[in-house]
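Undergrad: Below is a structure I'd like to ask you about.
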Amino acid sequence: MLAESKQLLANFDRYFLRRYQWRYHLLIVDNHFFDCFTFFLQAQRLHEQLIHSYDLLEIPHQQELYQQVLTDLKQHTVLRIEFRDTHHLVHPGTDIVHDVNHGH
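If you read the sequence shown in our numbering, its first letter stands for residue 127, the second for the next number, and so on.
Next up, the structure:
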C-alpha cells in the first residue's frame, strides 16, 4: 500500500467517529487551481445545516497515484463519494454584493 493511502486511511479513521444521527460522506475535489486532488470527509448532524469538513489528504495531480489511492479508499469504506471538479464550479444563484459576516 502506498504511503499516501496509509495517510488517507489513518486520517479517515481518526475523523469518522460513527456518531449517532450524523451523516457522513466523502468528497474528492479535482483542484485545477492548485494542480492537486484533495480528499475530504464531510459530516452533518441530522436536521442541521452546518457541515463539518475534515481535510484527509492532498496529492499531486498524477492520475496513476490518484487511481491507486481511490482504489485503496474504496476497499476500506463503502461511504458515498462525491466528486467535484474546479473546471465546473457552481454559481451560488445571486451575486453577493455585501457580506456582513466577512466584512466586505
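Beta carbons: idealized from backbone N, C-alpha and C, even for Gly.
Quantities reported herein were computed from a predicted structural model and do not represent experimental measurements.
1) Could you pull the DSSP bridge partners for E190 from this structure?
2) Please report the straight-line C-alpha distance between T164 and Q147, rounded to a whole angstrom.
3) Using DSSP's beta-bridge definition, name the partner residues of S179.
4) Can you round the beta-carbon distance between T212 and D156 to whole angstroms, since I take them to be within the 8 Å contact cut?
5) Quick check on the DSSP output: the alpha helix (DSSP H) that includes Y141 runs from which residue to which?
6) Would you mind working out which of E184, F138, Q194 sits nearest H151, comparing C-alpha positions?
7) Could you name the residues of the same chain whose beta carbon sits closer than 6 Å to that of D225, not counting the 5 residues immediately before and after it, in chain order?
TA: According to the data block:
1) None, per the DSSP bridge assignment.
2) Their backbone Cα atoms lie some 26 Å apart in a straight line.
3) Listed as beta-bridge partners of S179 by DSSP are Q168.
4) The pair is a contact, with the Cβ atoms about 7 Å apart (cut-off 8 Å).
5) From DSSP, the alpha helix (DSSP H) with Y141 extends over 129-141.
6) Taking only the C-alpha atoms, the option nearest H151 is F138.
7) Closer than 6 Å at the Cβ level, and outside the excluded window around D225, lies no residue.
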